[in-house]
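Chemist: Please read through the structure below; I'll follow up with questions.
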Amino acid sequence: MNTESLSILNIFMFILGGLSLVSGLGVVLSRKSLNSALCLVATMFLIAGQFALMRADFIATLQVMLYAGAIMILFVFVIMLLGVEKDAEKLSFSVPSYFSISFVFLFFGILFFGFRDGIITSAKSIVEGSYLDQLESTTEPINNFVTGTSSNPVLVPDLVVTPKSIGNSILVDQVVSFQAIGILLLASIVGAAFLAQTKKAPLLPGRGLKAMKEKHGSSTN
Amino acid sequence: MNELGLHFNLLISAILFCIGVAGVLTRKNTIVIFMCIELMLNAVNLTLVTFSVYLNNINGQIFVFFVMAVAAAEAAVGLAIILSVFRNFLTVESDEVAELAG
């Protein structure tokens with residue numbers, strides 16, 4: 024299989040990637056934060072589609088369940104709870120934001136400089152190659168790719184991500200990180216519950232710390 | 024995955040990351056800033072999974088798993104901070120909550 028040929032996988036990849044760029048721009052440019060949240064959900068689903076195209080099924084499932092499911096539900100709940108959507112934020116561009124946007128373009132330039140040659144080669148192969156013929160002749164497994172020199176190609180087998188290999192990697196090789204993640208999640212649950220509690224909550228008579236203090240103080244007096 | 028897919032995914036994730044950086048630097052709404060951080064994390068995850076599939080190494084996908092766990096913890100704590108800021112200042116605009124810096 025020619026490494027530079029355009030397979031049907033690449034066409035789906037282009038569609039998903041382009042749509043995720045559009046919805047990613049929607050996150051930044053939406054004036055209401057609820058619209059930003061919905062655009063972010065769309066972006067996460069499209070990236071999960073990219074993961075599924077790359078046959079990273081575990082990560083694609085996690086992306087849908089954890090990001091698009093749990094975290095975005097939290098965001099939408101907080102947006103609706105605060106109810107600050109009455110006046111949409113005006114996108115005002117001042118002098119500092121021009122500075123920061125130019126910084127972002129500079130940053131992207133540095134990033135692009137790193138893989139400029141590969142991008143140019145790939146784009147040339149799309150423009151010059153008769154990719155529709157190659158598309159029809161692609162009968163091999165899509166996920167295989169060829170490495171090595173062009174005269175001596177080496178076929179690399181698929182990356183097989185089974186539950187066994189995932190469990191082996193998480194619970195044997197990375198077990199310290201796994202325990203650390205558990206402690207981090209516990210600490211964040213406690214911290215979030217502490218930060219979000221209401222200080223002026225009405226206490227029922229005879230219950231709670233304040234009532235206990237009063238009872239204790241009155242008994243000592 | 025062929026090289027074309029590798030380069031395209033790297034380009035997409037670089038652009039998504041830069042969109043996220045632009046959002047963090049220009050927006051005033053704290054919740055939107057937070058969502059842009061999630062966008063940047065997603066772009067990095069895309070890079071990690073792309074390299075993991077291209078190099079036939081599972082460690083990239085395991086790393087994405089840990090990134091997702093940290094993002095969940097961060098979202099819980101960050102949204103709790105936003106809630107308590109809103110309770111004290113009655114706003115989530117980052118300009119109006121500038122008590123420490125001038």
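These protein sequence lines are chains A and B, in that order. So the first sequence is residues 24 to 244, counted in our numbering. So the second sequence is residues 24 to 125, counted in our numbering. Ideal Cβ positions, reconstructed from N, Cα and C, are used throughout, including at glycine.
If you count every other CB in all the chains shown that lies within 10 Å of the CB of Q84(B), and 16 or more means buried, which is it?
Modeler: Position 61 of the second sequence, counted from the first residue, corresponds to residue 84(B). With 16 or more other Cβ atoms within 10 Å, it is buried.
Chemist: With 8 Å set as the bound, which would you pick, yes or no: does the beta-carbon of A91(A) sit closer than that to a beta-carbon of chain B?
Modeler: Locating residue 91(A) in the first sequence gives position 68, where the first residue counts as 1. Taking Cβ atoms only, chain B never reaches closer than 8 Å to A91(A), which makes this a no.
Chemist: Quick check: the Cα distance between F118(A) and I133(A), rounded to an integer number of angstroms?
Modeler: Here residue 118(A) corresponds to residue number 95 of the first sequence, with the count starting at 1. Here residue 133(A) corresponds to residue number 110 of the first sequence, with the count starting at 1. Looking at the sequence itself, residue 118(A) is Val, so the reference to Phe does not match. Answer to the nearest angstrom: the Cα atoms are 23 Å apart.
Chemist: Report yes or no: do the region 60–69 of chain B and the region 86–96 of chain B share at least 3 C-beta pairs separated by less than 8 Å?
Modeler: Touching, yes, given that three or more Cβ pairs across the two stretches are closer than 8 Å.
Chemist: Cα separation between M24(A) and I149(A)?
Modeler: Here residue 24(A) corresponds to residue number 1 of the first sequence, with the count starting at 1. Here residue 149(A) corresponds to residue number 126 of the first sequence, with the count starting at 1. Unreliable positioning characterises M24(A) in this predicted model, as indicated by a pLDDT of 41, which lies under 50. The coordinate reading is nonetheless provided below. Going from the Cα of M24(A) to the Cα of I149(A) covers about 15 Å.
Chemist: Could you tell me whether the Cβ atoms of N65(B) and M67(A) are closer together than 8 Å?
Modeler: By 1-based counting over the second sequence, the position of residue 65(B) is 42. By 1-based counting over the first sequence, the position of residue 67(A) is 44. Their beta carbons are under 8 Å apart, which means N65(B) touches M67(A) by this criterion.
Chemist: S117(B) and K51(B) - do their beta-carbons sit closer together than 8 Å?
Modeler: Taking the first residue of the second sequence as 1, we reach residue 51(B) at position 28. Taking the first residue of the second sequence as 1, we reach residue 117(B) at position 94. Against a cut-off of 8 Å, the Cβ pair of S117(B) and K51(B) comes out as a contact.
Chemist: Apply the 10 Å Cβ neighbour rule to I54(B) and answer buried if 16 or more other Cβ atoms are within range, or exposed otherwise.
Modeler: On the second sequence, residue 54(B) is found 31 positions in, with the first residue counted as 1. The residue is buried, with at least 16 neighbouring Cβ atoms inside 10 Å.
Chemist: Cα separation between I38(B) and L71(B)?
Modeler: By one-based count along the second sequence, residue 38(B) stands at place 15. By one-based count along the second sequence, residue 71(B) stands at place 48. Looking at the two C-alpha atoms, the distance is approximately 15 Å.
Chemist: Across which residues does DSSP place N52(B) in a beta bridge pair?
Modeler: Translated into positions along the second sequence, residue 52(B) becomes position 29. Beta-bridge pairing links N52(B) to E116(B).
Chemist: What are the start and end residues of the alpha helix (DSSP H) that includes N25(B)?
Modeler: Here the question's residue 25(B) lines up with position 2 in the second sequence. That residue, N25(B), is in no alpha helix (DSSP H); it is neither H nor E in DSSP.
Chemist: Do we get a CB-CB distance below 8 Å when we pair F75(A) with the residues of chain B?
Modeler: Your numbering for residue 75(A) matches position 52 in the first sequence. The sequence given here has Ala at residue 75(A), not Phe. Not closer than 8 Å to any Cβ of chain B, the Cβ of A75(A) fails to qualify, so no.
Chemist: Within a Cβ cutoff of 7 Å, which residues of the same chain sit near G101(B), ignoring the five residues on either side of it in sequence?
Modeler: Indexing the second sequence from 1 puts residue 101(B) at position 78. Counting only Cβ-Cβ distances below 7 Å, and skipping sequence neighbours, we find F57.
Chemist: Would you mind sorting L123(B) into buried or exposed? The rule is 16 or more other CB atoms within 10 Å of its CB.
Modeler: One-based indexing of the second sequence puts residue 123(B) at position 100. L123(B) should be labelled exposed.
Chemist: Is V120(B) closer than 8 Å to I105(B) when the C-beta atoms are compared?
Modeler: Start at 1 with the first residue of the second sequence, and residue 105(B) comes out as number 82. Start at 1 with the first residue of the second sequence, and residue 120(B) comes out as number 97. Contact flag unset, no.
Chemist: Given this structure, state the Cα-to-Cα distance separating Y121(A) from F130(A), to the nearest angstrom.
Modeler: Here the question's residue 121(A) lines up with position 98 in the first sequence. Here the question's residue 130(A) lines up with position 107 in the first sequence. Taking the straight line joining both Cα atoms gives about 14 Å.
Chemist: In whole angstroms, what is the alpha-carbon distance linking C62(A) and L44(A)?
Modeler: Taking the first residue of the first sequence as position 1, residue 62(A) is located at position 39. Taking the first residue of the first sequence as position 1, residue 44(A) is located at position 21. Their backbone Cα atoms lie some 10 Å apart in a straight line.
Chemist: Give me the Cα-Cα distance between N25(B) and Y77(B), rounded to the nearest whole angstrom.
Modeler: As a working mapping, residue 25(B) is identified with position 2 in the second sequence. As a working mapping, residue 77(B) is identified with position 54 in the second sequence. When rounded, the distance between both Cα atoms is 8 Å.
Chemist: Can you round the beta-carbon distance between I204(A) and F89(B) to whole angstroms, since I take them to be within the 8 Å contact cut?
Modeler: Taking the first residue of the first sequence as position 1, residue 204(A) is located at position 181. Taking the first residue of the second sequence as position 1, residue 89(B) is located at position 66. About 6 Å; that satisfies the 8 Å criterion.
Chemist: For V101(A), would you say it is in contact with chain B, using Cβ-to-Cβ distances shorter than 8 Å as the test?
Modeler: Counting from one through the first sequence, the residue named residue 101(A) turns up at place 78. It does; some Cβ of chain B falls within 8 Å.
Chemist: Drop a sphere of 10 angstroms on the beta-carbon of V87(B), count the other beta-carbons inside from all chains shown, and report buried for 16 or more, exposed for fewer.
Modeler: Here residue 87(B) is taken as the residue at index 64 of the second sequence, counted from 1. The residue in question, V87(B), is buried, as its Cβ has 16 or more Cβ neighbours within 10 Å.
Chemist: M58(B) versus chain A: which residues are under 7 Å apart at the beta carbon?
Modeler: On the second sequence, residue 58(B) is found 35 positions in, with the first residue counted as 1. Correct list: V50, S59, A60, L63, F98.
Chemist: Can you find a CB in chain B that lies within less than 8 Å of the CB of I94(A)?
Modeler: Along the first sequence, read from residue 1 onward, the residue named residue 94(A) stands at position 71. Answer yes: the Cβ-Cβ gap between I94(A) and chain B drops below 8 Å somewhere.
Chemist: Report buried or exposed for T84(A), applying the criterion of at least 16 other Cβ atoms within 10 angstroms of its Cβ.
Modeler: The residue labelled residue 84(A) in the question sits at position 61 within the first sequence. Flag for T84(A) reads exposed.
Chemist: Spell out whether any CB of chain B is found under 8 Å from the CB atom of V87(A).
Modeler: Locating residue 87(A) in the first sequence gives position 64, counting from the first residue. It does not: the Cβ of V87(A) has no partner Cβ on chain B nearer than 8 Å.
Chemist: Please list, in chain order, the chain B residues whose beta carbon lies closer than 8 Å to that of I82(A).
Modeler: Residue numbering aside, residue 82(A) sits at position 59 when the first sequence is read from its first letter. Within 8 Å Cβ-Cβ: N68, V72, Q84, V87, F88.
Chemist: For L43(B), which of I124(A), T221(A), L69(A) has the nearest alpha-carbon?
Modeler: For this step, residue 43(B) is matched to residue 20 along the second sequence. According to the sequence shown, residue 43(B) is Gly rather than Leu. With distances taken between Cα atoms, G43(B) lies closest to I124(A).
Chemist: Decide if I94(A) is buried, meaning its Cβ has at least 16 other Cβ atoms within 10 Å, or exposed.
Modeler: Here residue 94(A) corresponds to residue number 71 of the first sequence, with the count starting at 1. Under this definition I94(A) is a buried residue.
Chemist: So that I know if they touch, is there some Cβ in chain A lying closer than 8 Å to that of S127(B)?
Modeler: Chain B is shown only over 24 to 125; residue 127(B) falls outside these bounds and no answer can be derived.
Chemist: Mind checking Q73(A): buried by the 16 CB within 10 Å criterion, or exposed?
Modeler: As a first step, residue 73(A) is located in the first sequence; it is residue number 50 there, counting from the start. Burial call: buried.
Chemist: Go ahead and pull the three-state DSSP assignment for R54(A).
Modeler: As a working note, residue 54(A) is residue 31 in the first sequence. Of the three classes helix, strand and coil, the one that applies to R54(A) here is coil, per DSSP.
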